[in-house]
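Asks: First the structure, which I've put down as structure tokens, then a few questions once you've had a look.
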Amino acid sequence: MKGRRVVALLMSTLLVGTLLGGCQKDEGTVEEKPTQTTEGEGNAQTEPAPEGDKPYEGQTLQLAHNFLDSTMDGFQAQFTAFEEKYGCKVEVELLAENADEAESVLLTRAATGNLPDIFCASSGAKLQEFAPADNIYDISGEAFVDRLTDEFIEIVDGENGEVYGVPLRPSNVAGVFYNKKVYEELKLEIPTTWEEFLNNCQVIKDSTDKAPVVGAYDGAAGRQILFLSQYYYVVQENPDFAEQYTNKEITLSESPAYMRGLQKLYDLNEKGYLNSDPLSTSFDDSAIMLTEGTAVHTFSRTNIVGTIENVAPDKVEDIGFFPLPDESSDVQGVAIWLPQCWCISQSSENKELALLLFDFLVSDEGIAAYCEGTNPTGAFAVKGSQLPEDVSTVVKDAQEWANQASTPVMEYSCDIKGSNLSTILSMVGTGELTPEKGVEEIEADNAIDAQQKGIAGW
24 MKGRRVVALL MSTLLVGTLL GGCQKDEGTV EEKPTQTTEG EGNAQTEPAP
74 EGDKPYEGQT LQLAHNFLDS TMDGFQAQFT AFEEKYGCKV EVELLAENAD
124 EAESVLLTRA ATGNLPDIFC ASSGAKLQEF APADNIYDIS GEAFVDRLTD
174 EFIEIVDGEN GEVYGVPLRP SNVAGVFYNK KVYEELKLEI PTTWEEFLNN
224 CQVIKDSTDK APVVGAYDGA AGRQILFLSQ YYYVVQENPD FAEQYTNKEI
274 TLSESPAYMR GLQKLYDLNE KGYLNSDPLS TSFDDSAIML TEGTAVHTFS
324 RTNIVGTIEN VAPDKVEDIG FFPLPDESSD VQGVAIWLPQ CWCISQSSEN
374 KELALLLFDF LVSDEGIAAY CEGTNPTGAF AVKGSQLPED VSTVVKDAQE
424 WANQASTPVM EYSCDIKGSN LSTILSMVGT GELTPEKGVE EIEADNAIDA
474 QQKGIAGW
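Mapped onto this note's numbering, the consecutive letters of the sequence shown carry residue numbers 24 to 481.
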């Protein structure tokens, strides 16, 4: 694992909702953070331009993001390589670590024409919150756009063929991460149905003092991963579900697969399979408990591997992956989170240099620099790119599932997502709400969101 950097954090508090998506990371305090430069950081091992042949010497790009995990090391390696090659500077403003708080700051700045040259944004339906036609520079005419995968372009495009961003980092695959050593000790088989998974949890509960499942419900992401991952099975049941729901042609409770997602959350608490205090357990805590073997399973995305490589690099190969099981062993697959995007502000006075950085980021050289800074935990949305050979086994296994049976989570194709979803799910996951009552709360919350966004029929 590449070295982490110490970052000083300062920022003023904002009150926002608890959505999952966009520049993703769990809740945190909104703090004003100092501008950082990448000078002297990273080790991208790229060939610098000859001395005296750096046409952007003295120019500076202002860039904002909110990633303070190992992803930041990949970014810094890319920016350093770019600086060395072209003689410019990339000044990085670190936003609030919480995704929604960071996005709220950027949306406020967009409304006042005060966006940095480049900023991170949600891809998919949530990108529309930035009113991209007014605030984001269209890059569709640039040659480097041809390198992007069609799947990615579909989540950053406009109504008239505009393209509003390039991938910020690799995709993430969601599923069940488990401690392989405990499975070996208890002679457990990889479950292919939810019933088999619950049976494994019961064996663990009866035979050990370990938590069968660690619920990381301290943050919005941890409360939602299992439930949002269920969308793979929703799509298998009804491929048009997102469109029909957006058009108010179907309710959530009419989908048995959707309801099973809530039931799974409820099952874990009802049967006593969770750790003792999930509401106080963070994402980092879940990674530590999994590697220590004090818990055996957790529901997460592959970005947990980056945390494991940081806190327990010698335990990475002790962790395995399998898809969230459902009703049938014949139907298995995973949900994926496609990459967020880097966008260029319409008001930027450095568009030429910003486009050059975008060209670099999606080049072989730029991807190599990212991998030099940190180990990727998913596939790049760039045609022909490959995961490094030394990537961990658990990431390879997860990506193999993504390649053969996967679907992006619902928020990429449906803009309706109430601000209280993570709170409602935590209440279902701790037994405060039944699945039936939970879906009623989600429906009411979503209706408010759809009406505020002016979606037809709501």
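Using N, Cα and C, we set each Cβ at its ideal position, and we do this for glycine too. This structure is a prediction, so every number in the text was calculated from the model and none was measured.
Ignore the nearest five residues each way along the sequence and tell me which others in residue 373's own chain have a CB closer than 7 Å to its CB.
Replies: Residue mapping note: residue 373 aligns to position 350 of the sequence shown, counting from 1. So the list reads 82, 84, 140, once near-sequence residues are dropped.
Asks: Can you tell me whether residue 428 is helix, strand or coil according to DSSP?
Replies: As a first step, residue 428 must be located in the sequence shown, where it is residue number 405. If DSSP states are grouped into helix, strand and coil, residue 428 belongs with coil.
Asks: With DSSP run on the structure shown, which of helix, strand or coil describes residue 241?
Replies: Locating residue 241 in the sequence shown gives position 218, counting from the first residue. Coil.
Asks: Are the CB atoms of residue 158 and residue 363 nearer to each other than 8 Å?
Replies: Start at 1 with the first residue of the sequence shown, and residue 158 comes out as number 135. Start at 1 with the first residue of the sequence shown, and residue 363 comes out as number 340. For residue 158 and residue 363, no; Cβs fall outside 8 Å.
Asks: Ordered along the chain, which non-local residues of its own chain (more than five positions away) have a Cβ less than 6 Å from that of residue 296?
Replies: Position 273 of the sequence shown holds residue 296. Counting only Cβ-Cβ distances below 6 Å, and skipping sequence neighbours, we find 224, 235, 236.
Asks: Using only CA atoms, which one of 455, 344, 299 lies nearest to residue 425?
Replies: Start at 1 with the first residue of the sequence shown, and residue 425 comes out as number 402. With distances taken between Cα atoms, residue 425 lies closest to 344.
Asks: Taking the beta strand (DSSP E) that residue 195 belongs to, which residues open and close that run?
Replies: The residue labelled residue 195 in the question sits at position 172 within the sequence shown. Where residue 195 is concerned, the enclosing beta strand (DSSP E) stretches over 195-202.
Asks: I'd like to know whether the C-beta atoms of residue 352 and residue 215 end up nearer to each other than 8 Å.
Replies: Sequence index remark: in the sequence shown, residue 352 carries index 329 (1-based). Sequence index remark: in the sequence shown, residue 215 carries index 192 (1-based). Their beta carbons are under 8 Å apart, which means residue 352 touches residue 215 by this criterion.
Asks: Just to confirm my understanding: we take residue 256, look at its own chain, exclude 5 residues before and 5 after, and list those with CB closer than 6 Å. What are they?
Replies: If you number the sequence shown from 1, residue 256 lands on position 233. Taken in chain order, the residues that qualify are 280, 349.
Asks: Strictly by DSSP, which residues pair up with residue 321?
Replies: Counted from its first residue, the sequence shown places residue 321 at position 298. The secondary-structure analysis by DSSP pairs residue 321 across a beta bridge with 200.
Asks: May I ask you to list the residues that DSSP assigns as paired with residue 344?
Replies: Taking the first residue of the sequence shown as 1, we reach residue 344 at position 321. BP columns for residue 344 point to 200.
Asks: Return the bridge partner residues of residue 362 from the DSSP annotation.
Replies: Numbered from its first residue, the sequence shown carries residue 362 at position 339. Its beta-bridge partners do not exist; DSSP assigns none.
Asks: Given that a residue counts as buried once 16 or more other Cβ atoms are within 10 Å of its Cβ, and exposed if not, what is residue 302?
Replies: As a working note, residue 302 is residue 279 in the sequence shown. Classification for residue 302: exposed.
Asks: Report yes if the CB atom of residue 208 is closer than 8 Å to the CB atom of residue 361, and no otherwise.
Replies: The residue labelled residue 208 in the question sits at position 185 within the sequence shown. The residue labelled residue 361 in the question sits at position 338 within the sequence shown. No, the pair does not count as a contact, with Cβ atoms beyond the cut-off.
Asks: What separation, rounded to the nearest whole angstrom, lies between the Cα atoms of residue 448 and residue 246?
Replies: Start at 1 with the first residue of the sequence shown, and residue 448 comes out as number 425. Start at 1 with the first residue of the sequence shown, and residue 246 comes out as number 223. About 6 Å.
Asks: Out of 148, 132, 162, 359, state which residue places its alpha-carbon closest to the alpha-carbon of residue 118.
Replies: Taking the first residue of the sequence shown as position 1, residue 118 is located at position 95. Taking only the C-alpha atoms, the option nearest residue 118 is 132.
Asks: What does the alpha-carbon distance come out to for the pair residue 464 and residue 446?
Replies: Locating residue 464 in the sequence shown gives position 441, counting from the first residue. Locating residue 446 in the sequence shown gives position 423, counting from the first residue. Whole-angstrom Cα-Cα distance: 10 Å.
Asks: On a CA-only basis, which of 108, 112, 93 is nearest residue 120? Give me that one, please.
Replies: Here residue 120 refers to the residue found at position 97 when the sequence shown is read from its first residue. Of 108, 112, 93, the residue nearest in Cα terms is 93.
Asks: Would residue 358 and residue 251 be called neighbours here (beta carbons separated by less than 8 Å)?
Replies: Position 335 of the sequence shown holds residue 358. Position 228 of the sequence shown holds residue 251. Yes, Cβ-Cβ distance for residue 358 and residue 251 is below 8 Å.
Asks: Could you spell out where the beta strand (DSSP E) holding residue 395 opens and where it closes?
Replies: Counting from 1 along the sequence shown, the entry for residue 395 is found at position 372. Where residue 395 is concerned, there is no enclosing beta strand (DSSP E), although the alpha helix (DSSP H) it sits in stretches over 387-396.
Asks: Which complete beta strand (DSSP E) runs does the region 126-153 hold, if anything under 3 residues is left out?
Replies: 141-144
Asks: Have a look at the DSSP bridge pairing and note the partners of residue 234.
Replies: For the purposes of this step, residue 234 is taken as the residue at position 211 of the sequence shown. The partner list for residue 234 (beta bridge, DSSP) reads 318.
Asks: Quick check: the region 330-346 against the region 187-203, are there 3 or more CB pairs under 8 Å?
Replies: The region 330-346 vs the region 187-203: in contact.
Asks: Tell me which residue opens and which closes the beta strand (DSSP E) that residue 85 is part of.
Replies: Your numbering for residue 85 matches position 62 in the sequence shown. It spans 83-88 - the beta strand (DSSP E) in which residue 85 sits, taken as one unbroken run.
Asks: Can you tell me whether residue 462 is helix, strand or coil according to DSSP?
Replies: Here residue 462 corresponds to residue number 439 of the sequence shown, with the count starting at 1. Residue 462: helix per DSSP, three-state reduction.
Asks: So residue 354 is in the alpha helix (DSSP H); what residue range does that whole segment cover?
Replies: Numbered from 1 along the sequence shown, position 331 holds the residue referred to as residue 354. Note, residue 354: premise wrong, no alpha helix (DSSP H); not H, not E.
Asks: For residue 265, tell me which candidate among 477, 440, 233 has the shortest Cα-Cα distance.
Replies: By 1-based counting over the sequence shown, the position of residue 265 is 242. The option with the nearest alpha carbon to residue 265 is 440.
Asks: Could you round the C-beta distance between residue 515 and residue 109 to whole angstroms and report it? I think they count as a contact, below 8 Å.
Replies: The question about residue 515 has no answer, for the chain in this structure spans 24 to 481.
Asks: One question on the structure: do residue 405 and residue 319 come within less than 8 Å of each other, judged by their Cβ atoms?
Replies: Here residue 405 is taken as the residue at index 382 of the sequence shown, counted from 1. Here residue 319 is taken as the residue at index 296 of the sequence shown, counted from 1. Result no, Cβ atoms of residue 405 and residue 319 do not sit closer than 8 Å.
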